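In this note's numbering, the protein residues as written are 54 to 171. Every residue, glycine too, gets a C-beta built ideally from N, C-alpha and C. The model shown is predicted, which means the values in this text are computed figures rather than measured ones.
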Amino acid sequence: QVELVESGGGLVQAGGSLRLSCVGSGNIIRSMIMGWYRQAPGKRRELVASVTSGGTTDYTESVEGRFTISRDARTNTVSLQMNSLKPEDTAVYYCNATRMVTPTLNYWGQGTQVTVSS
54 QVELVESGGG LVQAGGSLRL SCVGSGNIIR SMIMGWYRQA PGKRRELVAS VTSGGTTDYT
114 ESVEGRFTIS RDARTNTVSL QMNSLKPEDT AVYYCNATRM VTPTLNYWGQ GTQVTVSS
């Protein structure tokens, strides 16, 4: 069983920065795709950024150039550095670990609130 624990959310003014961290239990996550999703009130959960075990990253267009995802295999940690935050970035952010090959696996953290004031 994999457990993901997020930290680092909070309240920040527009233009500010926050860093989210997610620590995973279980060495199996080292081979999994790690990602950050977010869900704003009344909206669907969306993928913000992801990083493969090999370090390949992907970002949703709205955060390109502002957010950076990284992972540390030694500590089973994935981080999301968020700069130049905008009010529309306000959401609950969830850490995710996914394995696409059979048997597929999908784990979620409990979520951390990010609020950006204008």
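Integer-rounded CB distance, given that residue j should sit under 8 angstroms from residue i
i: G61; j: S74; result: 5 angstroms
i: V104; j: S123; result: 7 angstroms
CB of residue i within 8 angstroms of CB of residue j, strictly
i: V88; j: V55; result: A small fix is needed here, since residue 88 is Gly in this sequence, not Val. Going by C-beta atoms, G88 is not nearer than 8 angstroms to V55.
i: Y146; j: T165; result: yes
i: V65; j: G162; result: no
i: N136; j: S70; result: yes
i: R91; j: A144; result: yes
Bridge-paired residues (DSSP) for residue i
i: E99; result: R91
i: G110; result: In the sequence as presented, Gly is not what sits at residue 110; that position holds Thr. For T110, which the question treats as bridged, DSSP gives the partners V104.
### Query
Between the segment 158 to 171 and the segment 131 to 145, are three or more C-beta pairs nearer than 8 angstroms?
These segments touch.
### Query
Is there contact here, the segment 111 to 121 with the segment 84 to 102, by at least three beta-carbon pairs under 8 angstroms?
Yes: the two stretches touch, three or more of their Cβ pairs being nearer than 8 angstroms.
### Query
Enumerated in chain order, which unbroken segments of the beta strand (DSSP E) with a length of 3 residues or greater are wholly contained in the segment 129 to 166?
For the segment 129 to 166, whole beta strand (DSSP E) runs of length 3 or above, ordered along the chain, are 130 to 135, 144 to 152, 158 to 161.
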